Amino acid sequence: MSSSTLSTILFLTFVAATLGITFWASRNTKTAADYYAGGRSFTGVQNGLAIGGDYMSAASFLGIAGMIALSGYDGFLYSIGFLVAWLVALLLVAELMRNSGKFTMADVLAFRMSPRPVRTAAGVSTIVVSIFYLLAQMVGAGALVGLLLGITSAEAKNWTIVAVGALMIVYVVFGGMKGTTWVQIVKAVLLMGGAALITVLVLAKYNFNLSALLGAATEASGKGAAFLEPGLKYGTEAQGLMGKIDLISLGLALVLGTAGLPHILIRFYTVPTAKDARKSVLWGIGIIGSFYLLTLVLGFGAAALVKIPASDTAGNTAAPQLAAAIGENFFGSVGGTVLLALIGAVAFATILAVVAGLTLASSSSFAHDLYAHVFKKGTATEREEVVVARVAALVIGAASIGLGILAQGQNVAFLVALAFAVAASGNLPAILYSLFWKRFNTAGAVSAIYGGLISCLILVVFSPVVSGSKTALIKGADFHLWNLSNPGIISIPLGFFFGWLGTVLSKEYNAAKYAEIEVRSLTGVGAEKATEH
Numbered sequence: 000m001s002s003s004t005l006s007t008i009l010f011l012t013f014v015a016a017t018l019g020i021t022f023w024a025s026r027n028t029k030t031a032a033d034y035y036a037g038g039r040s041f042t043g044v045q046n047g048l049a050i051g052g053d054y055m056s057a058a059s060f061l062g063i064a065g066m067i068a069l070s071g072y073d074g075f076l077y078s079i080g081f082l083v084a085w086l087v088a089l090l091l092v093a094e095l096m097r098n099s100g101k102f103t104m105a106d107v108l109a110f111r112m113s114p115r116p117v118r119t120a121a122g123v124s125t126i127v128v129s130i131f132y133l134l135a136q137m138v139g140a141g142a143l144v145g146l147l148l149g150i151t152s153a154e155a156k157n158w159t160i161v162a163v164g165a166l167m168i169v170y171v172v173f174g175g176m177k178g179t180t181w182v183q184i185v186k187a188v189l190l191m192g193g194a195a196l197i198t199v200l201v202l203a204k205y206n207f208n209l210s211a212l213l214g215a216a217t218e219a220s221g222k223g224a225a226f227l228e229p230g231l232k233y234g235t236e237a238q239g240l241m242g243k244i245d246l247i248s249l250g251l252a253l254v255l256g257t258a259g260l261p262h263i264l265i266r267f268y269t270v271p272t273a274k275d276a277r278k279s280v281l282w283g284i285g286i287i288g289s290f291y292l293l294t295l296v297l298g299f300g301a302a303a304l305v306k307i308p309a310s311d312t313a314g315n316t317a318a319p320q321l322a323a324a325i326g327e328n329f330f331g332s333v334g335g336t337v338l339l340a341l342i343g344a345v346a347f348a349t350i351l352a353v354v355a356g357l358t359l360a361s362s363s364s365f366a367h368d369l370y371a372h373v374f375k376k377g378t379a380t381e382r383e384e385v386v387v388a389r390v391a392a393l394v395i396g397a398a399s400i401g402l403g404i405l406a407q408g409q410n411v412a413f414l415v416a417l418a419f420a421v422a423a424s425g426n427l428p429a430i431l432y433s434l435f436w437k438r439f440n441t442a443g444a445v446s447a448i449y450g451g452l453i454s455c456l457i458l459v460v461f462s463p464v465v466s467g468s469k470t471a472l473i474k475g476a477d478f479h480l481w482n483l484s485n486p487g488i489i490s491i492p493l494g495f496f497f498g499w500l501g502t503v504l505s506k507e508y509n510a511a512k513y514a515e516i517e518v519r520s521l522t523g524v525g526a527e528k529a530t531e532h
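In numbering that gives the first Met the number 0, the protein residues as written are 0 to 532.
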């Protein structure tokens with residue numbers, strides 16, 4: 000049996016099981032609380048696993064392994080950034096967001112401010128961040144299927160992206176948060192198991208001597224000692240000062256972005272108490288931290304044992320190819336086929352679970368924030384909200400499919416870093432100001448979100464990401480104005496600056512509402528009614 004046949008069977012088995020979970024969840028999804036927050040019925044451990052499943056995306060599994068295999072030390076910076084980011088989420092956001100909101104990020108922002116402009120801004124930002132993140136998952140799907148099925152034509156990869164998008168729409172439309180959470184829990188267990196198995200086999204090949212593995216990777220890379228030192232990808236002599244700035248910018252985006260990611264923030268609303276919110280983040284950190292340590296072995300193992308084809312300039316196929324190589328080394332050709340199929344199916348599961356969470360976050364924000372509170376001015380029924388959320392999932396899913404087809408060729412970890420930059424530039428300043436700055440007001444919130452978001456998007460549009468480079472989104476065009484690939488170092492401070500400027504230029508100030516949200520965020524008292532005003 001070929002690896003493509005076996006991986007297809009395993010993948011279809013996962014799809015069948017998760018579709019069963021989705022339709023089971025659909026029968027228990029009756030209210031808006033069920034659809035948006037899973038009825039707040041998940042334990043801290045369950046939500047921690049789901050957070051891990053939501054966070055460990057195709058960028059983590061495919062993109063980081065590929066980045067390390069190609070760039071050595073500089074690639075591992077992604078793992079460090081993604082992990083450290085959770086400390087920001089734990090210390091500053093998790094418990095306070097759960098206590099202050101109800102279903103979406105905008106619930107926290109709108110509580111002490113004029114709801115309509117703030118919800119409009121938060122809804123727009125949520126959708127933009129989610130679509131950026133969805134791009135990475137779609138690109139990962141195309142690269143993975145191309146490897147497993149031996150597909151080289153762009154058209155076939157495009158149909159793969161369409162199929163993945165259709166499945167994610169089914170998960171969200173029918174299962175809501177309950178179905179999506181259980182899919183993420185199953186996926187987290189599978190991904191950790193698969194990554195741990197490959198890691199143990201790679202280490203066993205080198206007698207569990209990490210130095211021997213690094214030495215083999217250095218030799219096979221053809222880049223010598225530079226492979227284990229900073230500067231191979233960022234801060235090279237050719238890049239000069241801009242390369243060093245780009246590295247700092249990337250680090251800022253990764254570390255600060257998690258606390259502003261809408262699909263992560265809504266996970267805190269699925270637990271019944273603040274204690275469970277804290278527990279879920281701690282479990283999430285444990286799972287995610289363990290996984291990112293494994294990516295070190297996966298990436299350097301791929302560098303040592305796999306020759307990444309020239310056609311895969313982004314390195315997105317490094318992890319599956321490593322699975323095939325190490326399986327063949329220990330168990331023969333059949334073992335290589337089985338292991339490649341297993342890892343391929345796990346990677347598919349990873350992509351499906353994450354895109355479902357992202358689509359749920361963006362469609363929920365559209366229905367709850369834009370439709371119910373902006374368009375209908377709070378008069379929409381719960382049933383209307385859920386219907387609109389399901390329709391929005393269809394539209395957002397279709398948009399992400401189209402953009403995913405356009406973005407093929409980009410490294411998926413790099414694409415996710417852009418999503419982090421957008422989240423850290425627009426969402427994070429508004430969230431932190433709202434929770435901790437007594438003077439903050441409506442003008443400040445709107446200015447922070449739009450200012451950070453628009454400045455970030457402008458910087459991306461006129462960067463090598465969109466034009467003027469080999470992996471640009473628009474091939475053959477060149478209208479880039481600077482060589483800064485990740486805009487975080489400029490757009491994040493601008494987001495905070497615009498939030499401050501909008502606040503001090505406005506006379507609006509509601510001391511009573513701030514006192515109320517301060518008590519609510521610290522104690523959780525009245526959190527269920529956080530948006531009923």
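Heads up, the beta-carbon is just placed ideally off N, CA and C, and yes, glycines get one too. Small disclaimer: the values here were computed from a predicted structure and weren't measured.
Ranked by Cα distance from A93, the first of F110, I457, V128, G47 is G47. For H262, the enclosing alpha helix (DSSP H) begins and ends at 261-264.
Exposed is the label assigned to E218, since fewer than 16 other Cβ atoms lie within 10 Å of its Cβ. When the alpha-carbon of W23 is set against those of V337, S210, M176, the nearest one is in M176. Taking each of I244, A324, S490 in turn and checking the Cα distance to L200, the smallest one comes out for A324. Just so you know, the alpha carbons of S152 and T42 end up roughly 45 Å apart. In the three-state reduction of the DSSP assignment, G401 falls in the helix class, which pools H, G and I.
A check of alpha carbon separations from D33 across A442, A388, P428, G443 identifies A388 as the nearest.
Counting only the Cα atoms, L5 lies some 45 Å from I244. Taking the C-beta atoms as reference points, S363 is found no nearer than 9 Å to Q45.
The beta carbon of S490 sits closer than 7 Å to those of A420, S424, G451, S454, C455, L458, all from its chain and outside the five residues before and after it, given in chain order. If you look at R277, you'll find it in the alpha helix (DSSP H) that goes 273-304. Within a 10 Å sphere around the beta-carbon of L240 sit fewer than 16 other beta-carbons, which makes this residue exposed. In terms of Cβ geometry, I130 and A366 do not form a close pair [threshold 9 Å].
By the Cβ criterion, the stretch 498-517 is in contact with the stretch 440-448, since at least three pairs of Cβ atoms, one from each stretch, lie closer than 8 Å.
When the five nearest sequence neighbours on each side are left out, the beta carbons in the same chain lying within less than 7 Å of the beta carbon of S113 are those of T441, in order along the chain. Assignment of Y132 by DSSP, reduced to helix, strand and coil, places it in the helix class.
Rounded to whole angstroms, the gap between the alpha carbons of L369 and A510 is 26 Å.
Nearest C-alpha to A416 among G250, P492, K437, A352: G250. Counting along the chain, no alpha helix (DSSP H) covers N440, and no H or E run does either.
Its Cα nearest to that of I160, the residue Q136 stands out among V172, T179, Q136, A105. Per DSSP, A476 lies in no alpha helix (DSSP H) and is assigned neither H nor E. At the C-beta level, S124 and P486 stay beyond 9 Å of one another. Rounded to the nearest angstrom, the gap between the Cα atoms of L472 and R97 is 37 Å.
Residue state for R115 is assigned as helix, using DSSP reduced to three classes. Under the 10 Å beta carbon count, T179 is surrounded by 16 or more other beta carbons and is classified as buried. Counting only residues of its own chain and dropping the five nearest sequence neighbours on each side, K376 has no CB closer than 6 Å to any other CB. A residue is called buried once 16 or more other Cβ atoms fall within 10 Å of its Cβ, and W282 is buried on that count. Residue nearest to I79 within the set I284, N206, E327 is I284 (criterion: CA-CA distance). Excluding residues up to 5 positions away in sequence, T294, L297, G298, A301, G314, A317, A318, L321 lie with their Cβ nearer than 8 Å to the Cβ of A64 in the same chain.
Annotated three-state conformation of M55 is coil, per DSSP.
Assigned with DSSP and collapsed to three states, Q407 falls in coil, not helix or strand. Under the criterion of beta carbons closer than 8 Å, F461 and F478 qualify as touching, at roughly 7 Å. DSSP places P492 in the helix class (H, G or I) of the three-state scheme. Rounded to whole angstroms, A418 and A346 show a C-alpha spacing of 20 Å.
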